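Chemist: Quick mapping for you: the protein sequence lines, in order, are chains A and B. In my numbering, each residue's number is its place in the first sequence (first place is 1) plus 14. In my numbering, each residue's number is its place in the second sequence (first place is 1) plus 14. Don't be surprised by glycine CBs; every beta carbon is placed ideally from N, CA and C. Since the structure is predicted, the reported quantities are computational estimates derived from the model, not experimental observations.
There are 2 protein chains.
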Amino acid sequence: MSRKIFVSAKEVADRAGVSRSAVSRTFTPGASVSEETRRRVSEAAEALGYHVNHLARGLMRNESGIVCLIVSELDTPYRASLIRALTGQLQSASKIAMLINTDRSDDSVDQALRQAISYRADASIILSGMPDKSITDLCLKSGQRLVLINRDEDRDGALMINLNDREAARRSFIALLRAGCRNFAFANSEAMTPSLMAREEGFCAAGREHGLEVTVERFGSTTYQSGVVLAQRLLTREKRPDAIFCVNDLLACGLMDTARHQFNLAIPSELCVVGFDDIEQASWSSYNLTTFAQPVEQIAAEAVTWLDQVTSAEANSRRLDAELVWRGSVRGG
Amino acid sequence: MSRKIFVSAKEVADRAGVSRSAVSRTFTPGASVSEETRRRVSEAAEALGYHVNHLARGLMRNESGIVCLIVSELDTPYRASLIRALTGQLQSASKIAMLINTDRSDDSVDQALRQAISYRADASIILSGMPDKSITDLCLKSGQRLVLINRDEDRDGALMINLNDREAARRSFIALLRAGCRNFAFANSEAMTPSLMAREEGFCAAGREHGLEVTVERFGSTTYQSGVVLAQRLLTREKRPDAIFCVNDLLACGLMDTARHQFNLAIPSELCVVGFDDIEQASWSSYNLTTFAQPVEQIAAEAVTWLDQVTSAEANSRRLDAELVWRGSVRGG
DNA sequence: CTGCTTGTTGCACTCGCTTGCAAAAATAGG
DNA sequence: CCTATTTTTGCAAGCGAGTGCAACAAGCAG
């Protein structure tokens, strides 16, 4: 099956009785074309079903319009909503998203970036994992923009978008304290990414400041299932926590379900829970979870705006606020 | 900021002391190159950080390796998991996914397909919405493959993947009947897509066969919020249903939460619920929802396999089975 | 009518790669 | 050692677009 059936600018030119340059100019904003030729070209293009070949255009202009989204576990609620925001805003900026799934091997983030280079992507946005420095250097050297979201590691020349994880965690401690809680616990995964660790450290630091001990438990990855296990571990301790900060909402859901159905605990009267991300499920009435909202649209906006800027030398690090969303999993409020 | 910093085949050729063609052949599987030159070329390429320009390659070969995923509300659990499966399998087949978000108007699907044509995508996979026939014809005429998932509308030349919605709905009716339910209801959205309607029709047909009436209620889109509203409408009827088939899981979650928290109904003893999709949340202990699993991996496999086939003339329609997943939202089992 | 400015248009070159073709090199056969 | 065959290699012609440059037409002042 040959695929050379796409209609080319030449054909449009012939039909409109003009040169190929004319049709090229018609589709290039700001080029010099008379109203008359533009009309005739557009007409011919419409009739033939002509569409500019972005591959060829990208080749000439050295600007493909492609932005790679590099992500693992993209069906996770928070990730999915971030992808949605990013694709939406990229499209509004007339760029297009390429999605690279890095679920498989570990060096696959590197592989993904190689793909991005191969397709001459204008930029890559990394939502998970951390590529090798040699690769990111290659990207930057090649003139590809790089955005790291919640990666919190330094890469000169890349834009790094992070949240104020520490501060959020501190605020949640205070909220729990005000709610009258005294036995604090932090439910974390073993993923140990910088942003997750910042939440843990922020929470523990707040505890120390108030002279209160914080039980830290870590298990698995940031999933519902891990929440189940963490609940089992935390709630069987001799000094049962009455306040648990979960490193993300998914985990919090698992923990809450287990606390209720397996330990018959009432939330928030016997146990207060705070999560992070504000995924859709957090607002469901079974959870009604007090949490910190990831400003996904704002994150996407920062990233996309930065991509459109000519100069990228200065201030390539943003720290955004995760806003506290009060719901019913904490007393008072 | 100029971006012409990517290293080209010419540079690699110079460094390796061979011709451009040699480096091109080194990266073309099955081309005739001696072991010696291949080694020298690879070495030079590695040193320079060379990566084949897929834009140019696609231009020559008339085969970009790009597959467009056209989807709306991609942060919905079912959609997200389908996207994950598709991107994963596409990558295994050494293709790459372009993601186009069609959140806005309905003709945005048409726009998306135009984008696909512009990037000379080898194929487009449509997960939501239905494009105009004129556009799909243009795609097909241009030699672009087209896959429609759960769209259930005829488009000659495209691959259509659907589930046995009717049959699944019928099975769920029987299951509910066996569970001792007598007042059946069907909770649907107003989206009225063919696959959703097929579920409704299948369920109602089964009701008629058993001489039992089925209350049908439709509201909004297939979201949690719609489930809330539908619960309020259905559970305030004078003849309160004791069995509700929800057109998808998301809606079922909203309905269950409302039934429990607002109407104080026990599930499954006072109300049995069946959903559709088997999203992750269906397995969470708050829901523990009996549902039909979308065979996402299988759907993705069918799509990707078909894309690799040379001949596409025959049998371009697949109907897959949604398997019943028994959980606790229906008595017995 | 001439000279000059402004605006359009076409030619031809370029982007980075693949590939048919024919020349060159390596290998085999006698 | 020579010829026939098989690899390997380089040349050059594309692929489909954008764009500098020069030619050309139109409009205007003098």
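On the criterion of 16 or more Cβ atoms from any shown chain inside 10 Å, does residue 45 of chain A qualify as buried, or is it exposed?
Modeler: Classification for residue 45 of chain A: exposed.
Chemist: Using the rule of at least 16 other Cβ atoms within 10 Å of the residue's Cβ for burial, across every protein chain shown, is residue 147 of chain B buried or exposed?
Modeler: So residue 147 of chain B counts as exposed.
Chemist: Distance, Cα to Cα, residue 69 of chain B vs residue 133 of chain B?
Modeler: C-alpha separation (whole angstroms): 9 Å.
Chemist: Is it the case that the Cβ atoms of residue 240 of chain A and residue 268 of chain A are separated by a distance below 8 Å?
Modeler: In this structure, residue 268 of chain A lies closer than 8 Å to residue 240 of chain A by Cβ.
Chemist: Would you list, in sequence order, the uninterrupted beta strand (DSSP E) runs of no fewer than 3 residues that lie entirely inside the region 131–177 of chain A?
Modeler: You should have 137–140, 159–163 and 173–177.
Chemist: Kindly indicate if chain A contains any beta-carbon less than 8 Å away from that of residue 201 of chain B.
Modeler: With 8 Å as the cut-off, residue 201 of chain B does not count as an interface residue toward chain A.
Chemist: On the DSSP bridge list, what partners appear for residue 110 of chain B?
Modeler: Bridge partners of residue 110 of chain B: B/80.
Chemist: Can you name the residues of chain A whose CB is closer than 8 Å to the CB of residue 164 of chain B?
Modeler: None at all; the shortest Cβ gap to chain A is about 17 Å.
Chemist: Along the region 95–113 of chain A, what residues have a CB closer than 7 Å to any CB found in chain B?
Modeler: Residues passing the 7 Å Cβ filter: 95, 97, 98, 101, 102, 105, 110, 111, 112 and 113.
Chemist: Considering only residues of the region 234–288 of chain A, which uninterrupted alpha helix (DSSP H) runs meet the minimum length of 4 residues and lie entirely inside it, listed in chain order?
Modeler: 238–249 and 263–275, all fully within the region 234–288 of chain A.
Chemist: Give me the chain B residues within the contact set of residue 295 of chain A, using Cβ-Cβ distance strictly less than 7 Å, ordered along the chain.
Modeler: Per Cβ cutoff of 7 Å: 295.
Chemist: Out of B/19, B/66 and B/29, which has the shortest C-alpha to C-alpha gap to residue 39 of chain B?
Modeler: For residue 39 of chain B, the nearest C-alpha among the options comes from B/66.
Chemist: Mind checking residue 16 of chain B: buried by the 16 CB within 10 Å criterion, or exposed?
Modeler: Caution applies to residue 16 of chain B, whose pLDDT of 45 falls short of 50 and renders its modelled position unreliable; the model cannot decide the point.
Chemist: Using a beta-carbon distance below 8 Å, is residue 73 of chain A in contact with chain B?
Modeler: For residue 73 of chain A, the answer is yes, since a Cβ of chain B falls inside 8 Å of its Cβ.
Chemist: Tell me the residue span of the alpha helix (DSSP H) that contains residue 310 of chain B.
Modeler: First-last of the alpha helix (DSSP H) with residue 310 of chain B: 310–322.
Chemist: When you compare the CB positions of residue 84 of chain B and residue 139 of chain B, do they come within less than 8 Å of one another, or not?
Modeler: Yes, the Cβ-Cβ distance between residue 84 of chain B and residue 139 of chain B is below 8 Å.
Chemist: Looking at chain A, is there any beta carbon in it that lies within less than 8 Å of the beta carbon of residue 308 of chain B?
Modeler: No, residue 308 of chain B lies away from the interface with chain A (no Cβ there is under 8 Å from its Cβ).
Chemist: Residue 265 of chain B to residue 59 of chain B, Cα distance in whole Å?
Modeler: Roughly 54 Å separates the two Cα atoms.
Chemist: What are the uninterrupted segments assigned as alpha helix (DSSP H) that are 4 or more residues long and contained completely in the region 171–215 of chain A, given in chain order?
Modeler: As far as the region 171–215 of chain A is concerned, its whole alpha helix (DSSP H) runs of at least 4 residues are 179–192.
Chemist: Taking a cut of 8 Å between CB atoms, which residues from the region 126–156 of chain A lie near chain B?
Modeler: Cβ contacts with chain B: 128, 129, 131, 132, 133, 134, 136, 152, 155 and 156.
Chemist: Locate the alpha helix (DSSP H) running through residue 307 of chain B, then write down its first and last residues.
Modeler: Where residue 307 of chain B is concerned, there is no enclosing alpha helix (DSSP H), although the beta strand (DSSP E) it sits in stretches over 305–307.
Chemist: By Cβ distance below 6 Å, which residues in the same chain neighbour residue 37 of chain A in space, the five residues on each side in sequence not counted?
Modeler: Same-chain partners within the cutoff: 23, 26, 27 and 55.
Chemist: In angstroms with no decimal places, state the Cα-to-Cα distance between residue 35 of chain A and residue 324 of chain B.
Modeler: Spanning the two alpha carbons is a distance of roughly 36 Å.
Chemist: In terms of residue numbering, what span does the alpha helix (DSSP H) encompassing residue 57 of chain A cover?
Modeler: First-last of the alpha helix (DSSP H) with residue 57 of chain A: 49–62.
Chemist: Since residue 267 of chain A meets chain B, which of its residues come closer than 7 Å, beta carbon to beta carbon?
Modeler: The contacting residues are 298.
Chemist: Relative to the C-alpha of residue 86 of chain A, which residue among B/128, B/102, B/284 and B/149 is closest?
Modeler: Cα-wise, what sits closest to residue 86 of chain A is B/102.
Chemist: Counting only beta-carbon separations shorter than 8 Å, does residue 330 of chain A have a partner in chain B?
Modeler: Cβ-Cβ to chain B under 8 Å: no for residue 330 of chain A.
Chemist: Is there a Cβ from chain A that is less than 8 Å from the Cβ of residue 262 of chain B?
Modeler: It does not; no Cβ of chain A falls within 8 Å.
Chemist: Taking the continuous alpha helix (DSSP H) assigned at residue 42 of chain A, which residues delimit it?
Modeler: Per DSSP, residue 42 of chain A belongs to no alpha helix (DSSP H) and is neither H nor E.
Chemist: According to a CB-to-CB cut-off of less than 7 Å, which residues of the region 43–66 of chain B neighbour chain A?
Modeler: If the cut-off is 7 Å between Cβ atoms, the region 43–66 of chain B has 63, 65 and 66 near chain A.
Chemist: Pick from B/98, B/217, B/93 and B/272: whose alpha carbon is nearest that of residue 183 of chain B?
Modeler: For residue 183 of chain B, the nearest C-alpha among the options comes from B/217.
Chemist: If you measure from the beta carbon of residue 344 of chain B to each beta carbon in chain A, is any gap under 8 Å?
Modeler: Not an interface residue.
Chemist: In the DSSP output, which residue or residues are listed as bridge partners for residue 229 of chain B?
Modeler: Answer is B/199, bridged to residue 229 of chain B.
Chemist: Identify the contact partners of residue 235 of chain A in chain B, using a Cβ-Cβ distance below 7 Å as the criterion.
Modeler: Neighbours of residue 235 of chain A on chain B: none; closest Cβ ~14 Å, over 7 Å.
Chemist: According to DSSP, is residue 25 of chain A helix, strand or coil?
Modeler: Residue state, collapsed to three classes: helix.
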